[in-house]
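*Asks:* Got a structure here, written out as structure tokens. Questions coming.
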Amino acid sequence: MSQFLQQLLNGLSLGSIYAVLSLGLAMIYGTLGILNFAYGELITITGYTMYFATQAGLSFAAAAALGAIAAAVASVLMQQLVFRPLQRAGFVTLLFASFALSEVLQGVFRQAVSPRAKGIPLPDALSNTIVLGTLRISTLTIITFVVAIVALAVFAVFMRRSRAGLHMRAAALDLTTTRLQGVSAGRVILLAFALSGTLAGIAGVLWISRTATVTPSTGATPILVGFIAVVLGGLGSTVGAVVGGFAFGLLEVFLEAYLPLGVVPFQFAIALVAISVLLYVRPEGLFGKAVEVKV
Amino acid sequence: MRLRFRPALAVIACMTLAVTACGSIDPGSSSTASGGVTGSGGPIVVGFPADLSSTYAYYDVPMKEGAQMAVDEINEAGGVLGSQLKLDVVDQRNDPAESSKVTQQMIDDGALYLIGSTGDVVTAQGQLACAAGIPISTGDGTSPVLVNDMGTCAYQLIMNDTVQGATVAKYALDQGYTTALTVASPDYPYTANLPKYFKSIFEAGGGKVTNEESYKIAAGDFSALVTKIANVNPQPSVIFTPMYPPDTQVFMKQLRDAGVTTPVLSTDGNLDPSLADAGAKAIDGMVYSASVCPASADPKIEAFYTSYKKRYGKDPSSVVAALGYDEIKILADVITKSGKADKQAIMDGFKSVSYTGVTGQSTMDPDTRRVKKAVALIKMVKTKFTCLPAPEFPATLPAP
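Chains A and B supply the protein sequences, listed in that same order.
Residues 1 to 295 (this note's numbering) make up the first sequence, in order.
Residues 1 to 400 (this note's numbering) make up the second sequence, in order.
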């Protein structure tokens, strides 16, 4: 039982990172219909910013804050330099542009920094352990969960209580009509990318706090999981993305924990098959809305 | 009209940048292999279809650096048999099609010898080289099955994984460890086979592998795995895993956070400065095998680093450079002893290689075409890389 509870905590902690990550992805898809494959590189940018900041002698906390800010700035730059010029292009063009951007950034990281892993020294506070009966909970597990939940809560309040949040929700429903109401589409889009980048930065800090290193392909695993979580939750649904993130984190941990040894290597495949079955039954995902298309 | 053109321009710009970024930006490495005159007077061309910009740039870039230093030194001393050496390095980006194209081009242009690249593409490189009768090495590839997969012209000039597995198992037995838990990954032959090699020798020596676990490379989180290990009762005396950075840092940190204090043994992928950033609590006491000790712990490697820095004004990318350096020195030694720069003479000469270089003594086993070369054992003392007394070449090796 204690092992089950321990694994449950592991799953919730991992899932909380995925939830923050997926939320940022879902926000951009909901507002602009873009599936941004370069989103994972925002995590890598967070990592390299933290690396250079700690090398320059800054504290881990300052490096983490800079990392999150760098991701937000990079996200806005992506929108301005790549997606904005393509705003009239179709879905596939945008998808390929984000692929190309991802490849460009990974190539730049390899050539300009190093193909080797760069280490980021973590503070001892992230390595402490709290013992509760038979449970051992690392402070990082708790910090990850708390930071993720606070980030999600702040985001929810912003979207529901602020005027800018209202504009973003309106734009997600119908961007054209929202513009006709006098809302600046450019400002809404910019804000969506800034918020999405901030969420990627927060997820990046939490991810780097686990890995203690950054490589040119650091963002590859999280972005893959983020996409799966978004599809599982329902494309365009922010609530679905969060639930999808937690669900995939728990699924990943429990499959690793309880599958027989010979089957463990197939855990990712099994998770995808399970999600495919769910999508077969419910194509719009857990929280997505079925869209009827007139043919 | 302007709006219609902007998306197209942006996409073209993106794609152009992508292609540029994926390609080599090293001006010294983008030349095609040419002028491969193998007779007296012309240069002796050594081709290296390397991965300089993708997954295995990690290893191939320092291999190139070390090889180039050896070439420069040899040429300054008058060359080999009166001919200058020429190292032609082309970036194949770990792309199988590009790798085969580059390798064939090098062969067609007259390369006398090829350094194989790291990664799966080396098998096809070997098959192309052997079809043309040109000797090729496994480069920094440590898998013992490579030479057979590549062909009869392939040679392994560095230690192989059976030696690592056997040496680490012997070390475990010498420490009095009686039971072991292994953590393997089926993702790569390296991470799948090394636990088998370890188990073979550990159990032959009286130890027992009581638990076998599996992990996914680059998972980013091993909390489920370490919780399983923490709940193993009774705990094994030692844990063996061929995991390497950046996975090692995550695994070790989560393992110690979970309260597992069992010693951890591993292999050469961990000879990486970033390992230290996991912190002393995570990695203190960890022992692993490697081709060589780091410069800070071995005077010979330190001298190599000093020499490299004096010549090029910077350190090599990693200690792997010493392997590239020794490979070219071995090649030059073989050509000199055979008295002719001829591909068949090189293959014949490789069969009796006995060479002491920066990275240690290499003696070729002509039956397996793999050198008998002992590995080093490195111990992390807090976050400091220290060298344990040099182990002997194992008396028994597991079957590849």
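Ideal Cβ placement from N, Cα and C applies to all residues, glycine included.
None of the values given here were measured: they were computed from a predicted structure.
1. Could you name the residues of the stretch 172 to 189 of chain B whose beta carbon sits closer than 8 Å to any beta carbon of chain A, in the order they occur along the chain?
2. Is V375(B) near M69(B), with beta carbons less than 8 Å apart?
3. What does the Cβ neighbour count give for L232(A), buried or exposed, with the cut at 16 atoms within 10 Å?
4. Does the beta-carbon of L235(A) have 16 or more other beta-carbons within 10 angstroms, so that it is buried, or is it exposed?
5. Residues of the stretch 115 to 134 of chain A in Cβ contact with chain B at a cutoff of 7 Å, in chain order, please.
6. For L279(A), which residues from the same chain have a beta carbon less than 6 Å from its beta carbon, with the 5 sequence-adjacent residues on both sides left out?
7. Under 6 Å Cβ to Cβ from A21(B), same chain only, skipping five residues before and after it: list those, please.
8. Measuring CB to CB, does I44(B) end up less than 8 Å from L85(B)?
9. Quick one: what's got a C-beta closer than 8 Å to D72(B)'s C-beta in the same chain, skipping five residues either side?
10. Any beta carbon from chain A within less than 8 Å of Y402(B)'s own beta carbon?
11. Evaluate D326(B) with the Cβ neighbour count: other Cβ atoms within 10 Å of its Cβ, from every protein chain shown; 16 or more gives buried, anything less gives exposed.
12. With respect to the beta strand (DSSP E) encompassing V232(B), which residues constitute its N-terminal and C-terminal limits?
13. Pick out the complete alpha helix (DSSP H) segments inside the stretch 51 to 106 of chain A, 4 residues or longer, and give them in chain order.
14. Could you tell me if K373(B) is buried or exposed, where buried requires 16 or more neighbouring beta carbons within 10 angstroms of its beta carbon?
15. Could you say which of I217(B), P245(B), Q254(B), D257(B) lies nearest to A407(B) if we only look at CA atoms?
16. Please classify L297(A) as buried or exposed, where buried requires at least 16 other C-beta atoms within 10 Å of its C-beta.
17. Could you check the C-alpha separation between G133(B) and E65(B) for me, to the nearest Å?
18. Report the residue from L180(A), G24(A), V281(A) whose alpha carbon sits nearest the alpha carbon of A148(A).
19. Could you tell me if A100(A) is buried or exposed, where buried requires 16 or more neighbouring beta carbons within 10 angstroms of its beta carbon?
20. Using 8 Å as the threshold, is the C-beta distance between Y305(B) and A297(B) below it?
21. Within 8 Å of any Cβ in chain A, is that where the Cβ of P49(B) sits?
22. Please list the partners that T227(B) has in chain A, where partner means a Cβ-to-Cβ separation under 8 Å.
23. Given that L261(A) touches chain B, what residues does it touch there, using C-beta distances under 8 Å?
24. Does the structure place the stretch 53 to 61 of chain A close enough to the stretch 265 to 276 of chain A that three or more beta carbon pairs sit under 8 Å?
25. Report the neighbours of Y58(B) on chain A: residues whose CB is nearer than 8 Å to its CB, in chain order.
26. For chain A, find out if any of its Cβ atoms is closer than 8 Å to the Cβ of A224(B); answer yes or no.
27. Is E103(A) buried or exposed, if buried means 16 or more other CB atoms sit within 10 Å of its CB?
28. Check whether the stretch 174 to 184 of chain B and the stretch 199 to 211 of chain B touch, using three or more Cβ-Cβ pairs below 8 Å as the test.
29. I need the straight-line Cα distance from A33(B) to S354(B), nearest angstrom please.
30. Check each candidate in F248(A), K289(A), T218(A), F266(A) and name the one with the smallest Cα separation from G40(A).
31. So, with DSSP's three-state summary, where would you put R163(A)?
32. DSSP puts Q156(B) in a beta bridge; with which residues?
33. Out of G15(A), Q6(A), F4(A), which has the shortest C-alpha to C-alpha gap to G226(A)?
34. Kindly confirm or deny that the stretch 147 to 166 of chain B and the stretch 85 to 102 of chain B touch, where touching means at least three C-beta pairs closer than 8 Å.
35. For chain A, check one thing: does any of its Cβ atoms lie closer than 8 Å to the Cβ of D221(B)?
36. Could you have a look at Q68(B) and say whether DSSP puts it in helix, strand or coil?
*Replies:* Let me lay it out:
1. S185, P186, D187
2. Along the second sequence, one-based indexing puts residue 375(B) at 375. Along the second sequence, one-based indexing puts residue 69(B) at 69. Contact: no.
3. Taking the first sequence and counting its residues from 1, one reaches residue 232(A) at position 232. Classification of L232(A): buried, given that the 10 Å Cβ count is 16 or more.
4. As a working note, residue 235(A) is residue 235 in the first sequence. It is buried - the Cβ of L235(A) has at least 16 other Cβ atoms within 10 Å.
5. P115, R116, A117, K118, G119, I120, P121, L122, S127, T129
6. Position 279 of the first sequence, counted from the start, is the residue given in the question as residue 279(A). There are no such residues.
7. As a first step, residue 21(B) is located in the second sequence; it is residue number 21 there, counting from the start. Bear in mind that a pLDDT of 39 at A21(B), under 50, signals an unreliable position, so the model cannot answer this.
8. Along the second sequence, one-based indexing puts residue 44(B) at 44. Along the second sequence, one-based indexing puts residue 85(B) at 85. Yes. Within cutoff.
9. Translated into the one-based positions of the second sequence, residue 72(B) becomes position 72. Excluding positions up to five away in sequence, the list reads R311.
10. Residue 402(B) lies beyond the range of chain B shown here (1 to 400); nothing can be said about it.
11. Within the second sequence, numbered from 1, the residue matching residue 326(B) stands at position 326. Buried is the call here.
12. The residue labelled residue 232(B) in the question sits at position 232 within the second sequence. From DSSP, V232(B) is part of no beta strand (DSSP E); its letter is neither H nor E.
13. 60 to 78
14. Residue numbering aside, residue 373(B) sits at position 373 when the second sequence is read from its first letter. Buried is the call here.
15. Here chain B comprises residues numbered 1 to 400, so residue 407(B) is not present and cannot be evaluated.
16. The question about residue 297(A) has no answer, for chain A in this structure spans 1 to 295.
17. Along the second sequence, one-based indexing puts residue 133(B) at 133. Along the second sequence, one-based indexing puts residue 65(B) at 65. Going from the Cα of G133(B) to the Cα of E65(B) covers about 26 Å.
18. Locating residue 148(A) in the first sequence gives position 148, where the first residue counts as 1. Among L180(A), G24(A), V281(A), the Cα nearest to that of A148(A) is on G24(A).
19. Here residue 100(A) is taken as the residue at index 100 of the first sequence, counted from 1. By the neighbour-count rule (16 or more Cβ atoms within 10 Å), A100(A) is buried.
20. Reading the second sequence from its first residue, position 305 is the one you call residue 305(B). Reading the second sequence from its first residue, position 297 is the one you call residue 297(B). Not closer than 8 Å, so no.
21. Stepping through the second sequence from its first residue, residue 49(B) is reached at position 49. Cβ-Cβ to chain A under 8 Å: no for P49(B).
22. In the second sequence, counting from the first residue as 1, residue 227(B) sits at position 227. Within chain A, the residues near T227(B) are Q3, Q6, Q7, N10, A257.
23. If you number the first sequence from 1, residue 261(A) lands on position 261. Per Cβ cutoff of 8 Å: E212, E213, S214.
24. no
25. Here the question's residue 58(B) lines up with position 58 in the second sequence. Within chain A, the residues near Y58(B) are P115, R116.
26. The residue you call residue 224(B) lines up with position 224 of the second sequence. Yes, A224(B) counts as interfacial toward chain A.
27. In the first sequence, residue 103(A) corresponds to position 103, counting from 1. Buried is the call here.
28. yes
29. Translated into positions along the second sequence, residue 33(B) becomes position 33. Translated into positions along the second sequence, residue 354(B) becomes position 354. The pLDDT assigned to A33(B) is 35, lower than 50, so where the model puts this residue is not dependable, and the model offers no usable value.
30. If you number the first sequence from 1, residue 40(A) lands on position 40. Ranking the options by Cα distance to G40(A), first place goes to T218(A).
31. Walking along the first sequence from the start, residue 163(A) turns up at place 163. The answer is helix: DSSP assigns R163(A) an H, G or I state.
32. Counting from one through the second sequence, the residue named residue 156(B) turns up at place 156. For Q156(B), which the question treats as bridged, DSSP gives the partners R370(B).
33. Here residue 226(A) is taken as the residue at index 226 of the first sequence, counted from 1. It is G15(A) whose Cα lies nearest to the Cα of G226(A).
34. no
35. Your numbering for residue 221(B) matches position 221 in the second sequence. Yes - at least one Cβ of chain A is within 8 Å of the one on D221(B).
36. Here residue 68(B) is taken as the residue at index 68 of the second sequence, counted from 1. Looking at Q68(B) - three-state DSSP - the assignment turns out to be helix.
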